[in-house]
Structures are given as C-alpha cells and as structure tokens.
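For the record, the sequence lines run as chains A and B. Following our numbering, the numbering of the first sequence begins with 1057 at its first residue and continues without gaps. Following our numbering, the numbering of the second sequence begins with 228 at its first residue and continues without gaps. First the structure, in the form of structure tokens, and then the observations on it.
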Amino acid sequence: MADQTLPMSGSLDVTPRERSRAVLLEWLHGWVVTVDHKRLGILYVVYSIFFLLVAGAEALAIRIQLAWPNQHFLSPQVYNRMFTMHGTTMVFLVGMPILFGFANYLVPLMIGARDMAFPRLNAFSFWLTAFGGLLLYYSFVGGFGLYGMGSAPDVGWWAYAPLTAKAFSPGHATDYWALALIVSGFGTLGTAINVIATTLSMRCRGMSLLRMPLFVWLMLVVSALTLVTITPLTAAQIMLVIDRYLGGHFFDTQAGGSAVVWMHFFWIFGHPEVYVLVMPAFGIASEVIPVFSRKAIFGYPAMVAASVGIAFVSLGVWAHHMFTVGMTSVGNAFFVLSTMLVGIPTGIKIFNWVATIWGGKIRFATPMLFCIGFLFQFLIAGLTGIMLSVAPWNWQLHNSYFVIAHFHYVLVGAIVFNIFAAIYYWYPKVTGRMLSETLGKWHFWLFLIGFHITFDTMHFVGFLGMPRSIYTFEPDRGWNHLNLIISLGGMIQGIAVLIFAWNLVHSYFRGKVAGNDPWDAWTLEWATPSPPPVYNFAIDPEVHSRRPLWDLKHPEDPDWKYEA
Amino acid sequence: MIREQSARAIRLSSLPMVCVAAVVARQSAWADAAQGSPSIFAPASTPASSILGLSLFVLSITGGIFFTVGGLLAWAIIRYRARRDDDGSEPAQIYGSTQVELAWTVIPILIVVVLFLTTARIIFAIQDAPKPPAALDVTVVGHQFWWEFRYPKLGIVTANELHVPVSSTNDPKPTYLHLLSSDVDHSFWVPQLAGKTDLIPNHPNDTWIDPLHTGVYLGQCAQFCGVEHAKMLLRVYVDTPEQFAAWVNKQKQPGVQDASVAAGRHVFETQACTNCHRITGTAATGTFGPDLTHLASRATIASGAALNTPENLRSWINAPDHFKPGALMPAMQLNDEQVDQLVAYLTTLH
Ligand code: HEM
Ligand SMILES: [Cu+2]
Ligand SMILES: [Cu+2]
C-alpha cells in the first residue's frame, strides 16, 4: 500500500470535511447549481451510465428480435426505432458525455489546477448535453405531436437524406432527433473549448506541455478535433430543419437537392467523431497500463506525436464510408490511401503500449484486465478497419454485419473496455472506496466472453452476406445458427453490465476504504485525498517531470534525470 | 459447390495462402447447409472473384500482423507478470528508444504502400472496365420496398427478379446495370456477383456483373430505406442463352387474355389497382407498383417476401401488411368473390 503521507506540499487537505446537515432538497440543489468540475464530472458519468443501461436494453431488444428468423418480438417500425435510438444514444449520450465527464473530473486534478478555466460554461455545457438527451427521449412521447401517439426516430443514426425529408418521415420524430443533436452538440462544443483553455492556461508550475499526462494530451487533441467536427454536424442538422420546416431544398432530392451532400456532411463529422470517442480511451490506457506494469510509458513523445497525427489524418478520410456511393475510381483510391495512413500512427500507439508492458511487473487488477482486453481487441479492430479501407472489399463488406462487428470492436472492445478500466481505476479517488475486485473479475470475464461470442461471430455472418439494419432475415441463407449465437453473447454481456452496476452501488456503501493512492500511481490526482476537496490543492503543486509522484517516492532515482 | 468455388477463387489469386484457404473452407462449412448462403467466399462473377482474390491477399497480410503483434503482446503479458515471490521492487524504467520508434514506423509504411497499390489496381480494373458492345443493359430503379428492372433495348419491364444471360470467358456477355432511385437511397447487393452499389435519387450509378455459372443468386437491399428495408429482397436468375432468349420473348408479349378469367380482369380494371400497376394490353397503366404483366412468371411476390402461390396472392391482396407491414400497397377491401376472381386472373399472367 502506498505511503499515505506523501510530502507534496499542499496536496493533503487537513481541514475536516464538513458534515452535511443539508436536507435532501438542499443536497439536490447543490448538485444542480454546482460549478465544481468534479461534481460536473460525476454528473456526466452518472448520466452516461444511466443511458448506457437504456441503450443496452435497446440492444438486447434488437438481439431478441434477431435471435431467430422471422420473429415477431418487435414490429418492423419499432425495430427501426430501436436501432436508431441505440446508435444515437450510444454515440451522443454515452460515449461523448462519459469521456468528457472523465476529462472534467481528471484534467484539472492531473495538471494541478483547482478547476476548469470556465466553471460556469462547464455547468452550462453539462446541462445542455443533459437536455439534449431528454429531448431525444421525449420523442417517444411527442414524436407525432402531442396527441398521445408518440414515436422515436427511425431513420438510422446516420439519418441519410432523403429518408429524413417530410415526405418520407412525417411527424416530429426526426425533428426531435435533429434538435437533440443540435442542443447536445452545443454542450459538447462548450466543454471542448473549456478543456482546451484549461490545458493551455491552468497548468501548475513545472507542468510544461510535454510533461502533461498522456490522458490530458489526448483530451486536448480530442477537444480540438471536436471543435472542427461538431460544427459540420450542427450545420447539417440546421439545414435539415430548414428543409423540413422552411421549404429548403438542401437534401430534398425531389426538388433537385442532393442526398450525397448529406453523406459528406455527416461523415466529415462522423469519421473524426469515432476518433473523438477512441482517443480518450487511448488516454485511459496510457495511464492505466504503465501503473499496472510498473513502468513509465514507452515513447511518450512518439505517443503525443501519433495522437496529433491521427487527429490530422482523420480529417481527410471521411469518404471511406462512401465507397459504394459511386465516386470516381481516383476518388476511391484517394480515400483508400488516406484511410490506410491512419493505420500507421495507430500502429505506433499499439507498439508503444506493448513496449511499456515489456520488462514490467504486471499486476492483474481489474483495471489492467480491461486494458489488456482493449489491447487485443483494438489490434483486431484496427486490422478489420484496414480490410474495410480496401475499397473493392468494402463494396462487399459495407453495410453488412462485418461493419457492425468492426465498429463494435472499437466502440465496445476498445472504448467501453477502457471506460470500465477507468471506472475501476478512478472510482476510489472519486468516492473514497474501492470497487469490489471479486465482482470486478466476474464482470470482466463475463463481459469478455459475451463480447467475443457476439462480435467475433458478426464478422462471419457479414461474410455470408447479411446486411445491417434489417428487422428480420430469411431462414434459408445460412445465418440462423450464427444469429442465435450472437444474441446469446448479447445476453451474457447484459448480465455482466448488471454485475457492474451492482458493484457501483454496493461498493459505494460497503467498499473497502481506498486511501489517497491505492494503486501506487504517479500522477497528481493521487496526491489529493479521496475524494478530493472542492479546491483540489490547498497550495499549487509544483512538478519536475511527467510522474511527480514517482519522483517523490523514488528521490534516489527521479524521472527528470532521464526525460528528454 | 461453395468449397469448389472458393478453391477456384484461391487459384485465381496468385498467392500462397494455404492457411487462409483453410479458414475460408471452414468458414463456408460454418454456414449451415451453405447452399443458400450469399457468401462473398463463393463468387460466380468476375468482379466478385477479383474482390475475393484481393481480400484473401489483404487477409493474409492483416492475419500476419495479427499473429506477430498479438503474439508479442501475449508473450509480454505472460512473461512479465508479477511473480508470487516478487520482492516489491520496481522494474527498470525504460523511457523509449528512437531507433525502435523509427523501425515500427517504417515497416507499417511499407505495408501500406503494398496494400494501397494492390487495392488501386483492383479498383481500376473493376470500376473502369470497358463495356463490351455485346453487353446487356438493364436499368434498375429502387422503390420503397421493391426493385424495378427495365431492359431499355428489349422493351421489357419487370420487378424483383432479374434475368441475365450467363457469360463465359470466351464469349463474354456481361450485364451493365444503371442504378436509379425513385424515392430514397437503396443499395444493389448480390454478394456472389459483385460488391454493392447504391441507388441514390438524383445520382445515377453504374455497375456490372458477368455471371459465369447459371443458377439463382440471392441478394437484398443493403442501404436502410425505411420500414420494410429488410424485405426488399433480390433474386438474380442467370439463364443459359436459350433460356434467356425464351424469357425475353415471353416478356415482350402483352398480358395473357384468358376468357375464362375475364371476371377477375374486370375487377382488376375497375379497382384502384390500375393506378399503381401496369398490365400491358389492359387499361392498367400505373407505375407506382410493380409491373404485373407477367406476374405469374415470377417465383416470389412482394420483393421476395412470399412465394408466388394463389393463397399468398390472396392474403397479399387482402392485407399486404400480413407479409410486409408498412409496404406501400393499401389493403384493397374487396369481398371474397372479387378476390377469388382476381387471384384466378393474376395466376394466368404468364
Ligand atoms: C485503423 C483504424 C481504422 C480504420 C482503418 C477504419 C476504417 C473504417 C472504414 C473503412 C469504415 C467504413 C465501413 C463501411 O461502412 O463500409 C469504418 C466504419 C466505422 N468505423 Fe472504423 N476504422 C478504424 C478505426 C475506427 C475507430 C477507432 C472507431 C471508433 C472509435 C471506428 C468506428 C467506426 C464506425 C462507428 C463505423 C461505422 C459507421 C456506420 O456506418 O454507422 N473505426 N471504419
Ligand atoms: Cu471512418
Ligand atoms: Cu433498403
């Protein structure tokens, strides 16, 4: 167990925590009006976990419907709503907010600051995001106007024109979808600006840019990328609303508009968006893997350069989602090359993580288990990405279950695995208590097994010609057994997530008391008490290397002697 | 049959890929009774088989990367686990190495160059293939939730079941498809014949197939197009030249006029059917729904949602929602006698 009395000046808070005498309402009010980055971070994460459960339930409904051919568990229309809501929720109400929640909580602590640069903007952004989510789900009630006959959007999370035009999607479901994304998009923009300002101007003494923890670096890159990519999405949504209400013809093909323009708008947002989601996960891995391998991250400057490189290249690959749209052969070849280039910095990252483990002394605590799962799964996801970037092969694989398998390998196998790693890793800091390791291992192994049963199999059913977005399938195509297997794996993952949710609640009350630094870690957040006081650090800390706590724990062999 | 075809495709791709071939063979066996599977590993046309050749090449490279990197990773995890008798000391700290970073940057770059050049070759070979004068032209129009096939040079219009002649290497007879949409985006995908190409309103596309074996090839719409997207199925019949000529000949005829079913024809002509369907030689000239002139020559109705049997026709006319909830044909509210007469008439439309 780590030393409880690290002599980092001002890091340990000595004032006793104020006993809360507030009644429930006051307590709630406190959470609503808070501008504390830690409380907002917690709000983001709790909000996202709630929607993770909702969208997970939607996924299970989808899988029950597809377990056997020609099932009638869901009607076609409800099925289409389910996959639209599942995708939209997972990307916009789970992935984005949870990662920005981690950023909110951790970035100030990691760079030795007392809060984000703009605390009020921070609160405003959270509430915008939250209301965006409510607006989306309100469509279940109000989708056809307030006449009792609600419905959710059913146009897919990519919402290709002209299916979203009034002629093909009457009612208000599509409007709720567009407005929800506009509103939460502004929230995201606010947070992105905040993270950039915080990392650029709030670092403590000694924390040069090249001494920032990699998590902070990745959040900086992600925030910059967000600013560039949310903008076209918001613009496109506004154009869509103009089409639907003011007689615009941007995407109205019946009046000479263009369906392809929507695709470009959507994917010039959509592809960088996948990197917006995955790079914070890289950041998590870059914190957890070194601590549990007991080694400094290998090739820190290369990791930073690769992240920035990925961000730039990812802005020039969007049309690899459009190889079947009928671009010229030269256009196709261009996007093949640019997409394959992303594989290079991505490969560099994987190699550096492997090199970090190499020569270490690995401790298999739950966070590390999830990160190891991540490494294997992200390797595979990157390779299936390369396969999809091969345009002719993409003509076969596009919109088949192979694509579903590819992006769930990234979104679940890499991102969700690292989100779990992050929660097991930082939960002690946030609550002061450890999550149960026993439940954690059950959660990990069940989730891993379920994940592979489901998503490995999806690659094969894609090879066999099964398209995505279908509410049922023909029994004579050789897809029956595979679909049943996929659905079973889904149920196993569902059980694993319930164990996780139980662990979160149970450990909050009964978990082992964590102490300040339960993992014997090296970044500044572990120098504060668990949970940290409102002001984080009583006196501004000062750092001399990338691993300030390593320096304190090993005065005979500090990092700053070696860092380039 | 599938195994045989994938074996052939592997010969096509000039690379030694024994292990990949094994995976593919197992893969085909996986598909229960794989006969019906529209597998991309069982190509029957040049675009599909050159894609398979390319994909096996890419699969062997990515597979190689997977086993190398995954193997190193697995080895590191096992080798460097903390031992039970660990003394609690920290391992040696290594911060990085420029040489190593350079090496693992340059090797992927070389791999990308190889992959890109191979890919580009196949893109150009498929996409820019010159169209031989003997090629058959078909215009495919995507509708919410069915396919219209027009043969402009032959004056034929049909639906959901595409007939094309078989092609061969000595006597190539490819079919060139011109893809249009009347409403939203769709995508034409018959995995054994070619990769998919989208049908987009205001954005005509082209693709081609040259099926080398006769038979029926299954596919379906591959771009979400609304509520019944899942039941927008597709069949391609690859006929021998004689069969194809006979089929063309029959399709060119106007609708059969059989006096014994005149009552049914009367019902058809006096109901709203005529606004949406065409039967040449009758007053029905609608184009919103499938052309029914030769309905009885098709094996399925409603874009493959049901077999073309009298019972299914009857339930379709009574309630299209029974097979395809959300299909754009309304339930026609006819009485039993009218439906009987109609079905009797429709089954004569060979
Ligand atoms: C080496 C890296 C990667 C490459 C080369 C790659 C390549 C591709 C390609 C070519 C497609 C288009 C497939 C199609 O629809 O036809 C695709 C789809 C997708 N990828 Fe990746 N990808 C990579 C990494 C990622 C990452 C990191 C994420 C997520 C964080 C991701 C998420 C997705 C998603 C969500 C889709 C499908 C979008 C949709 O149609 O709904 N990919 N990828
Ligand atoms: Cu992409
Ligand atoms: Cu469709």
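Cβ atoms here follow ideal geometry from the backbone N, Cα and C, with glycine treated the same way.
Does any residue of chain B bring its CB to less than 8 Å from the CB of residue 1523 (chain A)? The residue given as residue 1523 (chain A) occupies position 467 in the first sequence. Yes, because at least one Cβ of chain B sits closer than 8 Å to the Cβ of residue 1523 (chain A).
Which of helix, strand or coil DSSP assigns to residue 1618 (chain A): Stepping through the first sequence from its first residue, residue 1618 (chain A) is reached at position 562. Correct three-state label for residue 1618 (chain A): coil.
Could you give the uninterrupted runs of the alpha helix (DSSP H) lying entirely in the region 1468-1539 of chain A, keeping only those of 4 residues or more? 1473-1487 and 1493-1519
Output the distance between the C-alpha atoms of residue 1517 (chain A) and residue 490 (chain B), rounded to the nearest integer angstrom. Along the first sequence, one-based indexing puts residue 1517 (chain A) at 461. Along the second sequence, one-based indexing puts residue 490 (chain B) at 263. Going by the C-alpha atoms only, they are around 48 Å apart.
Own chain partners of residue 1261 (chain A) with C-beta closer than 6 Å, once the 5 adjacent residues on each side are dropped: Numbered from its first residue, the first sequence carries residue 1261 (chain A) at position 205. Excluding residues within five positions, the ones whose Cβ falls inside 6 Å are 1598.
Whose C-alpha, out of A:1447, A:1475 and A:1537, is nearest the C-alpha of residue 349 (chain B)? In the second sequence, the residue the question calls residue 349 (chain B) occupies position 122. Considering only alpha carbons, the answer is A:1447.
Can you list, in chain order, the residues of its chain whose CB lies under 8 Å from that of residue 443 (chain B), leaving out five sequence neighbours each side? Taking the first residue of the second sequence as 1, we reach residue 443 (chain B) at position 216. Around residue 443 (chain B): 462, 463, 464 and 465.
Please confirm if residue 1382 (chain A) has its CB atom under 8 Å from at least one CB of chain B. As a first step, residue 1382 (chain A) is located in the first sequence; it is residue number 326 there, counting from the start. Answer yes: the Cβ-Cβ gap between residue 1382 (chain A) and chain B drops below 8 Å somewhere.
Suppose the cutoff is 6 Å on Cβ atoms and the five residues either side in sequence are ignored; what does the same chain contact list for residue 570 (chain B) look like? Within the second sequence, residue 570 (chain B) is the residue found at index 343, counting from 1. Contacts found: 537, 540 and 541.
Please list the partners that residue 1443 (chain A) has in chain B, where partner means a Cβ-to-Cβ separation under 9 Å. If you number the first sequence from 1, residue 1443 (chain A) lands on position 387. Within 9 Å Cβ-Cβ: 282, 285, 286 and 289.
Just mark residue 1150 (chain A) as buried or exposed, buried being the case when its beta carbon has 16 or more other beta carbons within 10 Å. For the purposes of this step, residue 1150 (chain A) is identified with residue 94 of the first sequence, where counting begins at 1. With 16 or more other Cβ atoms within 10 Å, it is buried.
Tell me, please, whether the CB atom of residue 1157 (chain A) is closer than 8 Å to any CB atom in chain B? Residue mapping note: residue 1157 (chain A) aligns to position 101 of the first sequence, counting from 1. Closer than 8 Å: no.
Where DSSP assigns a beta bridge to residue 1178 (chain A), which residues make up the other side? Stepping through the first sequence from its first residue, residue 1178 (chain A) is reached at position 122. Answer is none; residue 1178 (chain A) lacks a bridge partner.
Assuming residue 435 (chain B) contacts residue 402 (chain B) under a Cβ cut-off of 8 Å, what Cβ separation, rounded to an integer in Å, is found between them? As a first step, residue 435 (chain B) must be located in the second sequence, where it is residue number 208. As a first step, residue 402 (chain B) must be located in the second sequence, where it is residue number 175. Contact between residue 435 (chain B) and residue 402 (chain B) is confirmed by a C-beta separation of about 7 Å, below the 8 Å threshold.
Cutoff 8 Å: residue 1269 (chain A) Cβ touching any chain B Cβ: What you label residue 1269 (chain A) is simply residue 213 of the first sequence in a count that begins at 1. No - not a single Cβ of chain B is within 8 Å of the one on residue 1269 (chain A).
Out of curiosity, what's the CA-to-CA distance linking residue 336 (chain B) and residue 477 (chain B)? Counting from one through the second sequence, the residue named residue 336 (chain B) turns up at place 109. Counting from one through the second sequence, the residue named residue 477 (chain B) turns up at place 250. Using only the alpha carbons, I get a separation of about 58 Å.
For residue 1161 (chain A), count neighbouring Cβ atoms within 10 angstroms of its own Cβ and tell me buried if that reaches 16, exposed if not. The residue labelled residue 1161 (chain A) in the question sits at position 105 within the first sequence. It is buried - the Cβ of residue 1161 (chain A) has at least 16 other Cβ atoms within 10 Å.
Measure the beta-carbon distance from residue 1489 (chain A) to residue 1561 (chain A) and round it to whole angstroms, keeping in mind my assumption that it falls under 8 Å. As a position in the first sequence, residue 1489 (chain A) is number 433, starting the count at 1. As a position in the first sequence, residue 1561 (chain A) is number 505, starting the count at 1. Wrong, their Cβ atoms sit about 11 Å apart, outside the cutoff.
In the region 415-434 of chain B, which residues sit with their C-beta less than 9 Å from some C-beta in chain A, listed in chain order? 416, 417, 418, 419, 421, 422, 423, 424, 425, 427, 428, 429, 430, 431, 432, 433 and 434
Could you check what DSSP says for residue 427 (chain B) in three-state terms: helix, strand or coil? Residue 427 (chain B) sits at position 200 when you count from the first residue of the second sequence. Taken through DSSP and simplified to helix, strand or coil, residue 427 (chain B) comes out as strand.
Express the C-alpha separation of residue 1549 (chain A) and residue 410 (chain B) in angstroms, rounding to a whole number. The residue labelled residue 410 (chain B) in the question sits at position 183 within the second sequence. The residue labelled residue 1549 (chain A) in the question sits at position 493 within the first sequence. About 39 Å.
Residues of chain A with CB closer than 8 Å to the CB of residue 504 (chain B), please, in chain order. As a position in the second sequence, residue 504 (chain B) is number 277, starting the count at 1. Going along chain A, no residue has its Cβ under 8 Å from residue 504 (chain B), so there is no contact; the nearest lies around 22 Å.
Do the region 289-297 of chain B and the region 1429-1437 of chain A touch if we need at least three Cβ pairs shorter than 8 Å? yes
Compute the Euclidean distance between the alpha carbons of residue 1564 (chain A) and residue 1487 (chain A), then round it to the nearest angstrom. As a first step, residue 1564 (chain A) must be located in the first sequence, where it is residue number 508. As a first step, residue 1487 (chain A) must be located in the first sequence, where it is residue number 431. Roughly 7 Å separates the two Cα atoms.
With respect to 7 Å, is the separation between the Cβ of residue 1139 (chain A) and the closest non-hydrogen atom of ligand 3 below this value? Translated into the one-based positions of the first sequence, residue 1139 (chain A) becomes position 83. No, since every heavy atom of ligand 3 falls outside the 7 Å radius drawn around the Cβ of residue 1139 (chain A).
Is residue 413 (chain B) near ligand 3, with its Cβ less than 7 Å from a heavy atom? For this step, residue 413 (chain B) is matched to residue 186 along the second sequence. Answer for residue 413 (chain B): yes, Cβ within range of ligand 3.
Under a three-way DSSP split, which group does residue 1465 (chain A) fall into? By one-based count along the first sequence, residue 1465 (chain A) stands at place 409. Of the three classes helix, strand and coil, the one that applies to residue 1465 (chain A) here is helix, per DSSP.
Between the Cα of residue 1250 (chain A) and the Cα atoms of A:1175, A:1530 and A:1607, which residue gives the shortest distance? Your numbering for residue 1250 (chain A) matches position 194 in the first sequence. Closest by alpha carbon: A:1175.
Touch test, the region 1280-1292 of chain A against the region 1363-1382 of chain A, Cβ-Cβ under 8 Å, three pairs minimum: Contact between the region 1280-1292 of chain A and the region 1363-1382 of chain A is present, because at least three Cβ pairs lie under 8 Å.
Pull up the DSSP beta-bridge partners for residue 1456 (chain A), would you. Looking up residue 1456 (chain A) in the first sequence gives position 400. In DSSP, residue 1456 (chain A) forms a bridge with A:1523.
In whole angstroms, give me the CA-to-CA distance for residue 1222 (chain A) and residue 1193 (chain A). Here residue 1222 (chain A) refers to the residue found at position 166 of the first sequence. Here residue 1193 (chain A) refers to the residue found at position 137 of the first sequence. Approximately 20 Å between the Cα atoms of the pair.
DSSP beta-bridge partners for residue 435 (chain B)? For the purposes of this step, residue 435 (chain B) is taken as residue 208 along the second sequence, with counting starting at 1. Answer is B:403.
Could you tell me which residues DSSP puts in a beta bridge with residue 527 (chain B)? As a first step, residue 527 (chain B) is located in the second sequence; it is residue number 300 there, counting from the start. B:534, per the DSSP bridge assignment.
Kindly say whether residue 437 (chain B), judged by its beta-carbon, lies nearer than 8 Å to any beta-carbon of chain A. Position 210 of the second sequence, counting from 1, holds the residue named residue 437 (chain B). No, no contact with chain A.
Rounded to whole angstroms, what's the CA-CA distance from residue 558 (chain B) to residue 420 (chain B)? Just pull it up for me. Working through the second sequence from its first residue, we reach residue 558 (chain B) at position 331. Working through the second sequence from its first residue, we reach residue 420 (chain B) at position 193. Straight-line Cα distance between these residues: approximately 36 Å.
Does ligand 3 have a heavy atom nearer than 7 Å to the CB of residue 1133 (chain A)? Here the question's residue 1133 (chain A) lines up with position 77 in the first sequence. Using a cutoff of 7 Å, the CB of residue 1133 (chain A) does not count as near ligand 3, since none of the ligand's heavy atoms is closer than that.
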